[in-house]
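Engineer:
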Amino acid sequence: MLSSDQEQFYMTNPFLFGMISWFLPGFGHLMQGRWKRGIILALVIWSMFVIAVLSGGAYYPGFDFKDGALLYLLNVFARLGNGLGTAISLLFFTNPPPNVASWATFEYGGRFLEVAGLLNYLAVLDAFDIQIGRKK
Amino acid sequence: MIHFLYLTGFAFLVGIAFGVFASGGSKEKAIYGLKIFGQFLIISLILAWGFYFFPW
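Protein chains in written order, with our numbering: chain X, 168 to 303; chain G, 2 to 57.
1. Assuming Lys303/X and Asp293/X form a contact by the criterion Cβ under 8 Å, report the distance between their Cβ atoms to the nearest whole angstrom.
2. Under 7 Å Cβ-Cβ, which residues of chain G neighbour Ala271/X?
3. Output needed in chain order: residues of the segment 10-33 of chain G with a Cβ under 8 Å from some Cβ in chain X.
4. Could you give the first and the last residue of the continuous alpha helix (DSSP H) run that contains Leu191/X?
5. Jot down the residue ranges of each uninterrupted alpha helix (DSSP H) in the segment 216-287 of chain X, minimum 4 residues, whole runs only, in chain order.
6. Less than 8 Å between the C-beta atoms of Gly205/X and Phe194/X, yes or no?
7. Counting only the same chain and skipping the five closest in sequence on each side, list residues whose C-beta sits under 6 Å from that of Pro263/X.
8. What is the C-beta distance between Ser222/X and Phe273/X, in whole angstroms, given that I count them as a contact (C-beta under 8 Å)?
9. Is the Cβ of Tyr7/G closer than 8 Å to any Cβ of chain X?
10. With a threshold of 8 Å between beta-carbons, can Tyr275/X be considered close to chain G, or not?
11. Rounded to whole angstroms, what is the Cα-Cα separation between Ile218/X and Gly224/X?
12. Could you check whether the Cβ of Arg204/X sits closer than 8 Å to any Cβ belonging to chain G?
13. At the 8 Å Cβ level, is Val220/X part of the contact set with chain G, yes or no?
14. Ala289/X CB to nearest chain G CB: under 8 Å?
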């Protein structure tokens, strides 16, 4: 059982809202009562994620860390922004089809997945700013 | 054609997200989102035509 102080801490902690917003895109805003903003962000980020996965983006860049560290790390950082989506893409899309890199949509999928993650980082900052009162 | 579709879809979704993050009322947000959408499309098409003349 939580005391009222603990309850207050969890209900107002901006870092908690940031974490929730990161793990489930749009959900942080929904918890703040920003329904319109939360639903729109969730739709945009999850749409980009689904398009990316269907386009083969989960297999991007298609080479190992030693073959191109900078591109690899940028990709990892960006796709980590997807929160739950990162786990989904890693768990269910680990074995690429042999010809995936030849798909016309392969590069686009990679970009969509990265940008979905980067947009979610912005959503996290937005939820954090709203929680601390820096943004309305 | 698929390249243009992806470009349009990308610009549309990013335009909406940036419109949501923008400050101001609903009208300002909508205008900002449309500007982002248009800028993505126009600049990408200009760059695409420009790159046509490069040998690589």
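Where a beta carbon is used, it is the ideal one built from N, C-alpha and C, also for glycine. Just so we're clear, the structure is a prediction, and the values are computed from it rather than from any experiment.
Structural biologist: Per the coordinate set shown:
1. In the first sequence, residue 303/X corresponds to position 136, counting from 1. In the first sequence, residue 293/X corresponds to position 126, counting from 1. Actually they do not touch by this definition, with Cβ atoms about 11 Å apart.
2. The sequence position of residue 271/X within the first sequence is 104, counting from 1. Those are Ile3, listed as they occur along chain G.
3. Gly10, Phe11, Leu14, Val15, Ile17, Ala18, Val21, Phe22 and Ser24
4. Here residue 191/X is taken as the residue at index 24 of the first sequence, counted from 1. Unbroken run through Leu191/X: none, as it is neither H nor E.
5. 236-247 and 251-259
6. Stepping through the first sequence from its first residue, residue 205/X is reached at position 38. Stepping through the first sequence from its first residue, residue 194/X is reached at position 27. Yes, Cβ-Cβ distance for Gly205/X and Phe194/X is below 8 Å.
7. The residue you call residue 263/X lines up with position 96 of the first sequence. These residues qualify, in order along the chain: Tyr226.
8. Counting from one through the first sequence, the residue named residue 222/X turns up at place 55. Counting from one through the first sequence, the residue named residue 273/X turns up at place 106. The pair is a contact, with the Cβ atoms about 7 Å apart (cut-off 8 Å).
9. As a first step, residue 7/G is located in the second sequence; it is residue number 6 there, counting from the start. Yes, because at least one Cβ of chain X sits closer than 8 Å to the Cβ of Tyr7/G.
10. By 1-based counting over the first sequence, the position of residue 275/X is 108. Taking Cβ atoms only, chain G reaches closer than 8 Å to Tyr275/X, which makes this a yes.
11. Along the first sequence, one-based indexing puts residue 218/X at 51. Along the first sequence, one-based indexing puts residue 224/X at 57. So the alpha carbons of these two residues sit roughly 8 Å apart.
12. Along the first sequence, one-based indexing puts residue 204/X at 37. Arg204/X counts as touching chain G.
13. The residue you call residue 220/X lines up with position 53 of the first sequence. Closer than 8 Å: no.
14. Position 122 of the first sequence, counting from 1, holds the residue named residue 289/X. The sequence given here has Leu at residue 289/X, not Ala. Yes, Leu289/X counts as interfacial toward chain G.
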